[in-house]
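Novice:
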Amino acid sequence: MQRGHRSATAEFSAVLRAIHMVLDPEPCIFVDPVVQPLLKLDRQALATALQGQQATAVRYGDPQYAVRVAASLRMFTVLRSRFTRDAFFESGLEQIVLLGAGLDLSLASETDVPVFAVDHPDTSRWVRGLFADAGLPVDNNLHFVEMDFAERPDLLLPTLAEYGFQPDKPAFFVWLGVQPYLTIEHVLQTARVVGSCPAGTQLATDFLTPDTSWSEIGERVGKLLQDSPHRELEPFKSYSDPAALKKQLLACGFTMARSVEAEEADALYCSERTDGLSYPNCAAMILAEV
Ligand SMILES: C[S@@+](CC[C@H](N)C(=O)[O-])C[C@H]1O[C@@H](n2cnc3c(N)ncnc32)[C@H](O)[C@@H]1O
């Protein structure tokens with residue numbers, strides 16, 4: 054993230070989720086109730102955005118794959134949000150921290166527990182401005198926390214406490230679509246802070262896998278992401294092998310780390326689908342517990 058620039062990828066991720074919600078066939082894997090009014094995106098705008106993505110995807114291999122590459126690109130954001138939502142409701146935890154929240158705030162409207170949306174100051178202000186512009190009320194349990202957690206990860210818990218977070222109680226941390234923008238040192242520094250929270254604390258996160266392990270549609274999605282114009286202001290800085298990252302998390306204070314890779318993600322959420330939506334193997338998710 055560069056000072057003075059709000060995250061464009063936060064908007065891009067939200068648009069991908071909205072495209073799925075509005076344009077993909079039923080059943081919808083993840084519903085995001087606020088993104089359309091916040092970004093003022095009607096069906097036509099989403100259809101135009103999708104056509105643009107499919108046109109870009111044509112550059113990555115045979116044109117017949119473009120529709121599947123664009124579909125897999127949106128599953129990259131849709132499935133991580135769904136996986137996280139399911140894990141949160143299974144956890145029974147009573148406070149949520151969204152690290153690099155962007156516009157993925159839907160848990161706040163689905164639960165009464167306090168939700169702390171931590172984001173880079175420029176992005177956080179932009180998100181609050183969107184609520185104001187749209188005249189949408191902010192859920193009472195949603196607290197916006199401005200901070201750059203790569204700059205001072207040691208300040209994360211004290212800063213959260215100022216907003217009502219209870220550091221002596223376990224929490225559910227969500228860290229989606231953020232790791233690639235941090236160096237592995239910054240990833241592990243933040244993981245150590247979360248790993249220092251009370252037993253029972255959980256972390257749901259996703260990351261890009263090394264490009265040597267990508268194949269087929271996943272490889273095209275990965276290359277499309279790497280070549281995106283967003284990389285100028287938000288370059289990728291880390292890729293992680295799931296097994297290696299699990300080990301690193303265990304060394305950061307977690308007692309359990311389970312990865313969910315493309316095959317399992319598809320089996321969990323896409324097995325009954327006939328529309329070809331699938332999670333790309335350029336990414337993976339982890340659920341870890343302290
Ligand atoms: C790709 S967006 C993902 C947003 C959201 N989690 C989602 O899944 O839609 C990356 C988010 O990470 C935030 N971010 C990146 N680096 C950050 C940092 N060092 N400190 C705080 N936020 C950061 C950006 O502002 C942005 O909201």
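Residue numbers (my numbering): 54 to 343. Built from N, CA and C at the ideal position, the CB exists for glycine as well. Note that the coordinates shown come from a computational prediction; the quantities given were computed from them, not determined experimentally.
Under 8 angstroms by Cβ, that's how I've got LEU156 and VAL168 pegged, so tell me the actual separation to the nearest angstrom.
Specialist: About 13 angstroms separates the two Cβ atoms, so there is no contact after all.
Novice: Under three-state DSSP, which class holds MET74?
Specialist: Residue state, collapsed to three classes: helix.
Novice: Can you give the beta carbon distance from THR258 to GLN232, rounded, assuming they're within the 8 angstroms contact cut?
Specialist: Yes, THR258 and GLN232 are in contact; Cβ-Cβ is about 6 angstroms, under 8 angstroms.
Novice: Taking 9 angstroms as the cut-off, decide whether the C-beta atoms of VAL227 and LEU152 are in contact.
Specialist: Yes; because the gap between Cβ atoms is below 9 angstroms, this pair is in contact.
Novice: Relative to ligand 1, is the shortest distance from any of its heavy atoms to the C-beta of TYR292 smaller than 8 angstroms?
Specialist: Incorrect: TYR292 has no Cβ contact closer than 8 angstroms to ligand 1.
Novice: DSSP on LEU256, reduced to helix/strand/coil?
Specialist: The answer is strand: DSSP assigns LEU256 an E or B state.
Novice: Could you please give me the residues that DSSP links to LEU92 through a beta bridge?
Specialist: Looking at the DSSP assignment, LEU92 forms no beta bridge with any residue, so it has no partner.
Novice: Any heavy atom of ligand 1 closer than 8 angstroms to the Cβ of ARG326?
Specialist: Incorrect: ARG326 has no Cβ contact closer than 8 angstroms to ligand 1.
Novice: Would the C-beta of LEU256 count as close to ligand 1, meaning under 8 angstroms from any of its heavy atoms?
Specialist: LEU256: no, Cβ never under 8 angstroms from ligand 1.
Novice: For GLN64, does the three-state DSSP call read helix, strand or coil?
Specialist: With the sequence shown as reference, residue 64 is identified as Glu, and Gln is not the correct amino acid for it. GLU64: helix per DSSP, three-state reduction.
Novice: Using the Cα positions of GLY105 and PRO78, report the straight-line distance between them to the nearest angstrom.
Specialist: Going from the Cα of GLY105 to the Cα of PRO78 covers about 19 angstroms.
Novice: Pairing CB atoms from the region 106-113 with CB atoms from the region 301-315, are three or more of them under 8 angstroms?
Specialist: Contact fails: fewer than three Cβ-Cβ distances are below 8 angstroms.
Novice: With a 10 Å radius around its C-beta and 16 neighbouring C-beta atoms as the bar for buried, classify ARG112 as buried or exposed.
Specialist: The residue is exposed, with fewer than 16 neighbouring Cβ atoms inside 10 Å.
Novice: Is any heavy atom of ligand 1 found at a distance shorter than 8 angstroms from the C-beta of HIS239?
Specialist: Yes - ligand 1 has a heavy atom lying nearer than 8 angstroms to the Cβ of HIS239.
Novice: If you draw a straight line from the C-alpha of LEU330 to the C-alpha of VAL166, how long is it?
Specialist: Whole-angstrom Cα-Cα distance: 32 angstroms.
Novice: Which complete alpha helix (DSSP H) runs does the region 273-334 hold, if anything under 4 residues is left out?
Specialist: Runs of the alpha helix (DSSP H) inside the region 273-334: 295-303, 315-322.
Novice: Rounded to the nearest angstrom, what separates PRO282 and PHE65 at their Cα positions?
Specialist: Each residue's alpha carbon lies about 12 angstroms from the other.
Novice: Using a threshold of 8 angstroms, is the CB atom of MET34 nearer than that to any non-hydrogen atom of ligand 1?
Specialist: Outside the shown range of the chain, which is 54 to 343, sits residue 34, and nothing can be said about it.
Novice: Just to confirm the assignment: which complete alpha helix (DSSP H) runs, minimum length 4, are found wholly within the region 93-172?
Specialist: If we require 4 residues or more, the alpha helix (DSSP H) runs fully inside the region 93-172 come out as 96-110, 119-144, 159-163.
Novice: Quick one: grab the DSSP three-state call for ALA203.
Specialist: Of the three classes helix, strand and coil, the one that applies to ALA203 here is coil, per DSSP.
Novice: Assuming the contact rule is C-beta atoms closer than 8 angstroms, ARG121 and HIS73 should be a hit. Round their C-beta distance to whole Å, please.
Specialist: That belief does not hold up - the Cβ atoms of ARG121 and HIS73 are roughly 14 angstroms apart, past 8 angstroms.
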